[in-house]
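J.: In the working numbering, the protein residues as written are -14 to 168.
One structure coming up, written as structure tokens, with questions to follow.
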């Protein structure tokens, strides 16, 4: 599956626009909770809704079946996160969920895992939310600055509070390392 033509460039522009609204520079770390507040989205840990044991059971049945989900209750968007995830993964998961909202995706598909229903989007919208979530956390100017400092994905992940997988994904898909070497 591929992203629609122009999606990446538009995602970069939108990420930088949202960062400006938060009064962040292009290379500042994004606190995902601040972005959620700005978008008027409440973040709730799932262990406030179900027992931690139930979440651990779900994890045993299907690892990573639930990382975060968005619900709309009384015209309010709520992102429910999995407390079993690392802080970097939580940030990525929340960025992904916020991306669905910013991109105005329709959360209509219902899937059931171990007796628990989950709403989700179409696969192409999931891909868009993943790409945009990564762009929100690690926009191109931020990555260019990191590469100029000779940071790799591990250092980027540590400095900006994301998973190393996300940092590697953005590092590779933006081509920033090649751009800096070409100069």
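Backbone N, C-alpha and C define an ideal beta-carbon position, used for all residues, glycine too.
Since we're looking at a predicted model, the values are computed, not measured.
Am I right that residue 33 and residue 61 are in contact with their C-beta atoms under 8 Å? What's the rounded C-beta distance?
T.: If you number the chain shown from 1, residue 33 lands on position 48. If you number the chain shown from 1, residue 61 lands on position 76. Not quite, the Cβ-Cβ distance comes to about 16 Å (not below 8 Å), so this is no contact.
J.: Do residue 53 and residue 82 count as a contact pair if the criterion is CB distance below 8 Å?
T.: Translated into the one-based positions of the chain shown, residue 82 becomes position 97. Translated into the one-based positions of the chain shown, residue 53 becomes position 68. Taking 8 Å as the Cβ cut-off, residue 82 and residue 53 qualify as a contacting pair.
J.: Check whether the segment 124 to 139 and the segment -9 to 1 touch, using three or more Cβ-Cβ pairs below 8 Å as the test.
T.: yes
J.: Return the chain-ordered ranges of every alpha helix (DSSP H) run that is complete within the segment 114 to 165 and spans a minimum of 4 residues.
T.: Segments of the alpha helix (DSSP H) lying fully in the segment 114 to 165: 125 to 133, 138 to 145, 149 to 159.
J.: On the DSSP bridge assignment, give the partners of residue 62 in chain order.
T.: Start at 1 with the first residue of the chain shown, and residue 62 comes out as number 77. DSSP, once it has assigned bridges, lists 26, 57 as partnering residue 62.
J.: Would you decide whether residue 73 is buried or exposed? Buried here means 16 or more other CB atoms lie within 10 Å of its CB.
T.: What you label residue 73 is simply residue 88 of the chain shown in a count that begins at 1. Buried, because 16 or more other Cβ atoms sit within 10 Å of the Cβ of residue 73.
J.: Taking the alpha carbon of residue 146 as the point to measure from, which residue in 1, 6, 14 has its own alpha carbon closest?
T.: In the chain shown, residue 146 corresponds to position 161, counting from 1. For the residues 1, 6, 14, the minimum Cα distance to residue 146 belongs to 14.
J.: Alpha carbon to alpha carbon, how far is residue 85 from residue 155? Give it in angstroms, no decimals.
T.: Position 170 of the chain shown holds residue 155. Position 100 of the chain shown holds residue 85. Rounded to the nearest angstrom, the two C-alpha atoms are 18 Å apart.
J.: Provide the residue span of the alpha helix (DSSP H) that contains residue 33, from first to last.
T.: Position 48 of the chain shown, counted from the start, is the residue given in the question as residue 33. Secondary structure note for residue 33: it is in no alpha helix (DSSP H), with a DSSP letter that is neither H nor E.
J.: DSSP three-state call for residue 108: helix, strand or coil?
T.: Counted from its first residue, the chain shown places residue 108 at position 123. Three-state DSSP puts residue 108 in a helix.
J.: Taking the alpha-carbon positions, what's the residue 38 to residue 56 distance?
T.: For the purposes of this step, residue 38 is identified with residue 53 of the chain shown, where counting begins at 1. For the purposes of this step, residue 56 is identified with residue 71 of the chain shown, where counting begins at 1. Distance between the alpha carbons of residue 38 and residue 56 is about 22 Å.
J.: Helix, strand or coil for residue -7, going by three-state DSSP, please let me know.
T.: Here residue -7 refers to the residue found at position 8 when the chain shown is read from its first residue. Residue -7 falls in the helix class under three-state DSSP.
J.: Could you spell out the range, first to last residue, of the alpha helix (DSSP H) harbouring residue 85?
T.: Translated into positions along the chain shown, residue 85 becomes position 100. Residues 72 to 87.
J.: With H, G and I counted as helix, E and B as strand and the rest as coil, what does DSSP make of residue 0?
T.: Your numbering for residue 0 matches position 15 in the chain shown. Helix at residue 0.
J.: For residue 108 and residue 91, what's the separation of their Cα atoms in angstroms?
T.: In the chain shown, residue 108 corresponds to position 123, counting from 1. In the chain shown, residue 91 corresponds to position 106, counting from 1. Residue 108 and residue 91: Cα-Cα distance of roughly 12 Å.
J.: Can you tell me whether DSSP reads residue 9 as helix, strand or coil?
T.: As a first step, residue 9 is located in the chain shown; it is residue number 24 there, counting from the start. The answer is coil: DSSP assigns residue 9 none of H, G, I, E or B.
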